[in-house]
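See below for the structure under consideration.
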Amino acid sequence: MPELPEVETIKNELLPHVLGRKITGVAVFWDKMVKQPTAAEFCERVTGQKITNLTRRGKYLFFHLSSGEMLVMHMKMTGSLLINPPDAKFARAIFQLDNGAVMHFRDPRKFGKMWLAADESAVADKLGPEPLDNDFTVETLTKILRNRKAPVKPVLLDQAIIAGIGNMYADESLYEAKIHPVRPACSLSEVEIKRLYTAIRRVLRAAIKNKGASVRNYIRPDGDIGTAHAEFRVAHGTGKNCPRCGTLIKRIVVRGRGTYLCPKCQPEP
DNA sequence: CTATAGACCTGACGGC
DNA sequence: TGCCGTCAGGTCTATA
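Using the working numbering, read the first sequence as starting at 321 and increasing by one per residue.
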C-alpha cells in the first residue's frame, strides 16, 4: 500500500520519464476515479499540457501542468503508475506522452483518485507536517502528542496531524520505539517521544532507500518491486518472531486497523 | 470537538 | 475443483 516512502519512490522514478513531456492524449476507463471536473472534461483539459514538475506531499502526487493547473493523484491502497507496462491489466487510465511512452494508472481495487486543482494548497493545507522535513523536530512531535488522549497509533495515521505515515510504517515505528500502539498519545514520556521521533525518521528513510515495500500491490513505475518489506520486523509479521526477543509477533485490531506488535517489547499500558 | 461506523472496490485466501 | 465468506486498509462522509 503506497505510503510516504512508496509515493516518494514513484515520484523519484517517474520524474525522468515525465519531466518536460507533453501529454498528447488521455483515456479514462473508470470515470469515478476522476473527482473533478468530469472525466471527459478532465481528458480534454489535460491533453496538450506539458508536465513542468512532479512533486509529493504526504501520500499525494502533484503533476504541475504548463497551464498552471495541478493534476493531483492519490494511489489509495492498490494504485500504481507504470511506464510502458507489458499489458494493460487493471489500467484505469492511460496517458500518452510526446516521446511515445505511455503511463498507466493501474489500480485493481479502483480506490485511486485523480483530479484537477488550481494549485496544491487545497490538498496541502489540510495535511500535517512532513515527517522527514528539517523543521519536523522532537518538539514538533512532542506538541502533537502532548494533548491527545487517543491511542498513539491512530494519531500517527491521521494525515491532518502528520502527513504520509500509513499502517505499515506506524507499526514499524512503534515497534522500533518499543511503544504499544494503544498507549494514549499524551502518556508517552520524554524519552519515549524521542525514541518514536528517531524511529519514524529512520524507518521512513530506510524504506525510501529500499524503494518502498511491495507487500501487496505496490509496483514501481518500471515494474520492479520495492524491497523495504524485507526489513519489516513486525508489519504483516503473522507467524514470525520478534527479532529482538524471539517472542511471537501478535496481531490486534486498533480502531479497525490490523496492528502488529511484539507483546514483550511493547508492553500493554 | 472526538469517536466510531460505513462506503468505496476486488483479489487473495481459508474452510469445507 | 469450486463456492462462499472474510479480510485488506486510505480517506471521505455520516452519525452518535
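Glycine included, each C-beta is placed from N, C-alpha and C at the ideal position.
Since the structure is predicted, the reported quantities are computational estimates derived from the model, not experimental observations.
Reducing DSSP to helix, strand and coil, say where residue i ends up.
i, result
"Ala497", "coil"
"His556", "coil"
"Leu447", "coil"
"Arg575", "coil"
"Thr329", "helix"
Looking at the strands, I want to know which residues DSSP matches up with residue i.
i, result
"Leu568", "Asn561"
"Gly345", "Gln416"
"Leu381", "Arg376, Met393"
"Lys370", "Lys342"
"Tyr638", "Nothing about residue 638 can be read from this structure; the chain reaches only from 321 to 589."
"Thr547", "Ala533"
What separation, rounded to the nearest whole angstrom, lies between the Cα atoms of residue i and residue j?
i, j, result
"Gly513", "Gln479", "Contrary to the premise, residue 513 reads as Ile rather than Gly in this sequence. One C-alpha to the other measures close to 19 Å."
"Met353", "Ile403", "19 Å"
"Tyr489", "Ala360", "37 Å"
"Pro541", "Pro589", "42 Å"
"Ile464", "Ile481", "7 Å"
"Val554", "Pro336", "34 Å"
"Asp491", "Ala497", "10 Å"
"Arg466", "Gly432", "34 Å"
"His384", "Arg376", "11 Å"
"Arg522", "Pro583", "22 Å"
"Leu494", "Arg571", "14 Å"
"Pro406", "Gly543", "9 Å"
Would you list, in sequence order, the uninterrupted beta strand (DSSP E) runs of no fewer than 3 residues that lie entirely inside the segment 395–440? 400–403, 411–417, 422–426, 433–437
Counting pairs of beta carbons, one from the segment 519–531 and one from the segment 412–426, are three or more of them closer than 8 Å? no
Taking 8 Å as the threshold, find out whether the segment 372–392 comes into contact with the segment 425–437 through three or more Cβ pairs. yes
Hey, which unbroken runs of the alpha helix (DSSP H) at 4 residues or more fall wholly within the segment 450–536? 458–466, 472–477, 487–496, 510–529
Is it a yes or a no for the segment 532–551 touching the segment 503–520, going by three-plus beta-carbon pairs under 8 Å? no
Given 8 Å, three or more beta-carbon pairs between the segment 569–582 and the segment 369–385: no
Three or more beta-carbon pairs under 8 Å between the segment 498–514 and the segment 470–477, yes or no? yes
Between the segment 419–428 and the segment 555–562, can you find at least three pairs of beta-carbon atoms closer than 8 Å? no
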